[in-house]
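Working notes for the structure below.
Structure follows, in structure tokens:
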């Protein structure tokens, strides 16, 4: 008897796993368990259009309620899985109920990293991960007079862009000497630094927050200023921190599964237990392009890994080989990224940085490893194909606009 | 695009959720409606060059079609593949 598939986590990855199981022809029971009470939704708009008011809650919901009933997906919302019992192939919920599984897909996501400083618990210090967080921040943005964003990564910068779009003044505090240092090259950091300054976003680099101080407002204490390690004081009545997330590995660790930078899986996205998979933000997996183990926080990774596991469960197991891609939208300038550029030894620019339309091609050991494209979507799409096909490419070819990269990508 | 996704049309993937980033919401618009649609802007034009299925004269990315009352009765055909 098919004990069915239980999916732990109802975010992008969990939702996609359920949807893809049905499109792959899997006919057994599917139970999708998530701690949030909302129908599964997508996160990207929460730091963009949802904050500016351009999009509403129904724009972020992935499918209407009827979708789950129509596809025989049992949605268990507002419940946490507190234990995985691998001897009985059961998960135990916070309500006390148990659900047995034939296959278990861990799509547990990640949790926000909190500020490790005094004053972090003050009213007015916010984080952004969930729809509820975004609703809270949106309402506070309307009232705030001084906004400080801690963290110059994608989340912080998108929030800063939304604040400016709403006519609010905002400062971004970043510990590194440049923006998005974890993910992009100095060329791209520099472009975005100029873009943000042109939009009057205050930027402070090499900023270390030593404490957040507050003042008594009514019955509570609300943030009033941020103090940096060099003594600088930055007034703010709203502080939004975007300093990263931590994979939700505890459940897996407690169940005796290997955990490193997230829940460890092989190229088939399986944990050490043949009936348990892990996908999305929580999963550390081998990247076939670089040979390294990675954990990728992106919609593409969640969606493609979900589809891979669903196909495997439906009988068509293949190693996970998708090219990572990502995008960020700040002040309506879209950066699209393909591949992972963290370790590269050469970079070639295609197009013209000053024009605001250019791509940077990254190489390591003479192989193309990643492409960042700003306002050049066709470079991004071609880049994905070049990476997928492992097409040989030289930095000179990448920089030479007379070389037809699209045609080159099609030859592989 | 939103109408398709909310109403269970599997042939529209919309991987990027409508951000004009992925070209997986490609549709072929029935001729009689083509001129009534909002014009194609630069970002969509570039992404239309990247669709998995052949681009035709009546190709649009459905996430960029602004649906108004004038489009009532709009018919689009799905391409054989989105990826």
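Protein chains in written order, with my numbering: chain A, 8 to 419; chain B, 60 to 142.
For glycine and all other residues, C-beta sits at the position ideal for the given N, C-alpha and C.
Contact list for residue i against chain A, beta-carbon separation under 9 Å
{"i": "residue 80 of chain B", "result": "332, 334, 336, 341, 343, 384 and 387"}
{"i": "residue 65 of chain B", "result": "65, 68, 70, 71 and 74"}
{"i": "residue 108 of chain B", "result": "384, 385, 388 and 413"}
Backbone CA spacing between residue i and residue j [nearest angstrom]
{"i": "residue 321 of chain A", "j": "residue 98 of chain A", "result": "21 Å"}
{"i": "residue 241 of chain A", "j": "residue 412 of chain A", "result": "48 Å"}
{"i": "residue 84 of chain B", "j": "residue 19 of chain A", "result": "18 Å"}
{"i": "residue 106 of chain B", "j": "residue 265 of chain A", "result": "41 Å"}
{"i": "residue 352 of chain A", "j": "residue 89 of chain B", "result": "49 Å"}
{"i": "residue 187 of chain A", "j": "residue 371 of chain A", "result": "20 Å"}
{"i": "residue 71 of chain B", "j": "residue 377 of chain A", "result": "27 Å"}
{"i": "residue 112 of chain B", "j": "residue 142 of chain B", "result": "8 Å"}
{"i": "residue 146 of chain A", "j": "residue 60 of chain A", "result": "10 Å"}
{"i": "residue 141 of chain A", "j": "residue 163 of chain A", "result": "13 Å"}
{"i": "residue 45 of chain A", "j": "residue 414 of chain A", "result": "45 Å"}
{"i": "residue 169 of chain A", "j": "residue 41 of chain A", "result": "29 Å"}
{"i": "residue 373 of chain A", "j": "residue 223 of chain A", "result": "59 Å"}
{"i": "residue 61 of chain B", "j": "residue 122 of chain B", "result": "7 Å"}
{"i": "residue 66 of chain A", "j": "residue 137 of chain A", "result": "14 Å"}
{"i": "residue 211 of chain A", "j": "residue 32 of chain A", "result": "52 Å"}
{"i": "residue 37 of chain A", "j": "residue 68 of chain A", "result": "20 Å"}
{"i": "residue 119 of chain B", "j": "residue 94 of chain A", "result": "52 Å"}
{"i": "residue 261 of chain A", "j": "residue 84 of chain A", "result": "23 Å"}
{"i": "residue 268 of chain A", "j": "residue 16 of chain A", "result": "18 Å"}
{"i": "residue 361 of chain A", "j": "residue 341 of chain A", "result": "15 Å"}
{"i": "residue 117 of chain B", "j": "residue 124 of chain B", "result": "12 Å"}
{"i": "residue 109 of chain A", "j": "residue 345 of chain A", "result": "35 Å"}
{"i": "residue 176 of chain A", "j": "residue 337 of chain A", "result": "15 Å"}
{"i": "residue 197 of chain A", "j": "residue 172 of chain A", "result": "21 Å"}
{"i": "residue 350 of chain A", "j": "residue 251 of chain A", "result": "20 Å"}
{"i": "residue 58 of chain A", "j": "residue 129 of chain A", "result": "22 Å"}
{"i": "residue 407 of chain A", "j": "residue 318 of chain A", "result": "40 Å"}
Beta-carbon proximity check, residue i vs residue j, cutoff 7 Å
{"i": "residue 230 of chain A", "j": "residue 153 of chain A", "result": "no"}
{"i": "residue 80 of chain A", "j": "residue 39 of chain A", "result": "yes"}
{"i": "residue 331 of chain A", "j": "residue 303 of chain A", "result": "yes"}
{"i": "residue 329 of chain A", "j": "residue 311 of chain A", "result": "yes"}
{"i": "residue 91 of chain A", "j": "residue 24 of chain A", "result": "no"}
{"i": "residue 109 of chain B", "j": "residue 380 of chain A", "result": "no"}
{"i": "residue 166 of chain A", "j": "residue 247 of chain A", "result": "yes"}
{"i": "residue 137 of chain B", "j": "residue 92 of chain B", "result": "no"}
{"i": "residue 52 of chain A", "j": "residue 62 of chain A", "result": "yes"}
{"i": "residue 115 of chain A", "j": "residue 289 of chain A", "result": "yes"}
{"i": "residue 348 of chain A", "j": "residue 327 of chain A", "result": "no"}
{"i": "residue 416 of chain A", "j": "residue 355 of chain A", "result": "no"}
{"i": "residue 324 of chain A", "j": "residue 284 of chain A", "result": "no"}
{"i": "residue 382 of chain A", "j": "residue 396 of chain A", "result": "no"}
{"i": "residue 135 of chain B", "j": "residue 86 of chain B", "result": "yes"}
{"i": "residue 151 of chain A", "j": "residue 245 of chain A", "result": "yes"}
Amino acids of chain B, ordered along the chain, whose beta-carbon sits closer than 9 Å to that of residue i
{"i": "residue 30 of chain A", "result": "69"}
{"i": "residue 51 of chain A", "result": "75, 76 and 78"}
{"i": "residue 307 of chain A", "result": "74, 75 and 81"}
Partner residues on chain A for residue i, Cβ-Cβ distance less than 7 Å
{"i": "residue 102 of chain B", "result": "384"}
{"i": "residue 105 of chain B", "result": "384 and 385"}
Interface partners of residue i on chain B, CB under 7 Å
{"i": "residue 310 of chain A", "result": "74"}
Partner residues on chain B for residue i, Cβ-Cβ distance less than 8 Å
{"i": "residue 77 of chain A", "result": "67"}
At 3 residues or longer, what runs of the beta strand (DSSP E) sit wholly inside the segment 88-132 of chain B? 118-120
I'd like to know if the segment 254-273 of chain A and the segment 152-167 of chain A are in contact, where contact means that at least 3 CB-CB pairs between them fall below 8 Å. no
The segment 235-246 of chain A touching the segment 193-208 of chain A, judged by at least three CB pairs closer than 8 Å: no
In chain order, each beta strand (DSSP E) run of at least 3 residues that lies wholly inside the segment 325-389 of chain A: 332-337, 340-346, 353-359, 364-371 and 374-381
Using a Cβ distance threshold of 8 Å, determine whether the segment 78-97 of chain B contacts the segment 390-402 of chain A, with at least three qualifying pairs required. no
Could I get the ranges of all uninterrupted beta strand (DSSP E) runs contained in the segment 262-315 of chain A, with 3 residues as the minimum, in chain order? 269-271, 283-285 and 290-293
Below 8 Å, how does it come out for the segment 212-232 of chain A and the segment 174-184 of chain A: are there three or more Cβ pairs, yes or no? yes
Give a yes or no on contact between the segment 26-42 of chain A and the segment 289-297 of chain A, applying the rule of three or more CB pairs nearer than 8 Å. no
Please give me, in chain order, every unbroken run of the beta strand (DSSP E) with length at least 3 that falls completely inside the segment 137-178 of chain A. 154-157
Inside the segment 96-133 of chain A only - beta strand (DSSP E) runs reaching at least 3 residues: 97-100, 105-107, 110-113 and 117-119
Run through the segment 12-68 of chain A for me and flag every whole beta strand (DSSP E) of 3 or more residues, listed as ranges in chain order. 12-15 and 37-41
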